[in-house]
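Residues 89 to 273, numbered by my numbering, are exactly what the sequence shown covers, in order.
Even glycine gets a Cβ: it sits at the ideal position worked out from N, Cα and C.
Written below as structure tokens is the structure these notes are about.
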Amino acid sequence: MGPATDGGRARVPTLEERHPVTKRVVKQAITNEDKSKMFFKAFFPAKPAAAPAPDERMYPPPKWEFEPVTNEQIRRAIRKMKPYKATRSGTVPNSVFTHARELLIPHLGPIFRATDTLEHYPEKWKLTETPVLRKPGKPDYTAPGAYRPIVLSDGFARVLNMCKTEDAVLMAESKGLIPPNHFGG
């Protein structure tokens with residue numbers, strides 16, 4: 089019997105960073121740690137330098153009053169969920185929310201509202217996993233651009249964030265804060 093293997097797990101080939109003009113290889117990532125760093129640099133560019141805030145800050149009055157998440161918003165968010173879309177490993181899958189929606193909503197509502205009243209967002213809900221997938225049909229998989237990241241988040245966080253996003257977009261649209269022909273992110 090041969091040595092134990094990883095079961096044919098797909099491997100990312102050695103990645104290459106190329107000079108933008110000459111196209112010469114300027115850096116190679118051979119180890120998984122180096123590949124992770126190269127993917128991170130490609131997918132999440134560095135933040136620009138922060139502009140200093142003016143000394144005399146004048147903020148306009150709020151455009152709307154904050155309202156806690158309602159059970160109806162939770163219901164709409166869960167209805168929009170794709171039941172078999174992956175969540176972060178070790179967390180509640182979407183199918184639980186979609187199949188047990190009416191049983192869960194009376195319990196989720198108080199929990200989600202407590203995140204605002206207690207000003208506490210659970211640390212585990214902030215965690216994500218970012219697997220990297222190959223873009224199909226690319227001739228060269230040594231370039232980080234031949235891959236795309238997908239973010240897997242906690243199922244509870246996903247429902248709450250969907251509710252808050254829906255509310256923010258609805259209010260911004262109703263108050264004229266989004267241009268009329270703006271669509272999507």
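Distance between residue j and residue i (C-alpha atoms, nearest Å)
| i | j | result |
| --- | --- | --- |
| Lys214 | Asn249 | 11 Å |
| Pro171 | Ala202 | 26 Å |
| Pro150 | Pro136 | 27 Å |
| Glu207 | Met259 | 22 Å |
| Gly95 | Asp255 | At Gly95 the pLDDT is 49, less than 50, meaning the model places this residue with poor confidence and gives no usable figure here. |
| Asn269 | Ser262 | 14 Å |
| Glu144 | Val180 | 47 Å |
| Phe244 | His187 | 15 Å |
Residue of the options minimising C-alpha distance to residue i
| i | options | result |
| --- | --- | --- |
| Pro198 | Thr230, Asn159 and Lys226 | Asn159 |
| Asp204 | Met259, Pro156 and Ala245 | Pro156 |
| Phe128 | Gln161, Ala245 and Gly233 | Gly233 |
| Phe132 | Pro227, Leu265, Val220 and Ile118 | Val220 |
| Thr216 | Leu240, Lys123 and Tyr147 | Leu240 |
Residue i, DSSP secondary structure in three states
| i | result |
| --- | --- |
| Val77 | One cannot answer for residue 77 here, as it falls past the ends of the chain, which runs 89 to 273. |
| Leu215 | coil |
| Val239 | coil |
Cβ distance (whole Å) where residue i is taken to contact residue j below 8 Å
| i | j | result |
| --- | --- | --- |
| Val114 | Glu105 | 5 Å |
| Lys223 | Arg236 | 6 Å |
| Ile193 | Arg163 | 6 Å |
| Val247 | Phe154 | Incorrect: roughly 19 Å between the Cβ atoms, too far for contact. |
| Ala102 | Thr218 | In the sequence as presented, Ala is not what sits at residue 102; that position holds Thr. Their Cβ separation, rounded to whole angstroms, is 20 Å, which puts Thr102 and Thr218 out of contact at 8 Å. |
Would you call the region 167-186 and the region 137-144 touching, i.e. three or more CB-CB distances under 8 Å? no
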